[in-house]
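Just below is one structure, and these are the notes that go with it.
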Amino acid sequence: MQQTYEKFAAFLLEGNHKEAYELLQNEKEDSLTIYMEIVTKAMQHIGELWQTNQITVADEHLATSVCDYVLSHYTFKHMSKEEETAKHKIMFLCLEEEQHTIGTKMAAALCQEKNWKVKLLGANLPLEYVISSANKWKPDVIGLSAAIAYRLPVLKQYIETLEELEGKPKVIISGRLASTFDLSNYQSDQTFVLKDLRSFNSWLENYQKGVSVNGAS
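First residue of the sequence shown: 1, per the working numbering; consecutive thereafter.
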């Protein structure tokens, strides 16, 4: 029997925005479960199909584009309506040369549901522009997404620079590198490695409650 995430992946590969959106919208699970068990697993499945030459790079790009579109519509329906009263601010971005934004979009959506003010700065953002944006907006938390192993030295540079910003924002490391590599050496009292959305969601809840948070999860 075809799993739900496989059905979702099939709609993405077909370019079927309508069916993909309706599948998510009709699910009875909470957003976190949908992001973890359907969207994330579907994109991992599509990645495996591409790696084994069962689909082309064009197919993979189409699926990613449709997923991005569907997530935008789904998350808008579920975001908090009280952003004006939000106490906390978080900024998400992908490192320079990093292009995968689906994970940051889902993380941003979880924050919006919890009444955070969110800025989603997208893919491939050079450090100088991160600094400029952070100095202007002064976020409490900055989320970094990293997927490419050879970019680890760049990740370290981002962390060290952002930790020194005025206001001392918390820095979160996520993405494929966080889930597949031991990044404990990158952690500090200010920087945290979160391996998946469930860990991130727990971290957010503790932060909002004022509970002491720690790195690896």
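Where a beta carbon is used, it is the ideal one built from N, C-alpha and C, also for glycine.
- Take T75, set aside five residues on each side of it, and the residues of its chain with a beta-carbon closer than 6 Å to its own are A109, in chain order.
- Separation of the CB atoms of V171 and L144 is rounded to 7 Å, and the pair is thereby assigned contact status at 8 Å.
- The beta carbons of L197 and Y158 sit no closer together than 8 Å.
- When DSSP states are grouped into helix, strand and coil, I131 belongs to the helix group.
- Under the three-state reduction of DSSP, I34 is assigned to helix.
- In this structure, the alpha-carbon of Y150 lies about 33 Å from that of F11.
- Boundaries of the alpha helix (DSSP H) around V66: V57 to H78.
- Note on geometry: alpha-carbon atoms of M36 and G47 lie some 16 Å from one another.
- A123 is positioned such that its CB atom lies closer than 8 Å to that of E98.
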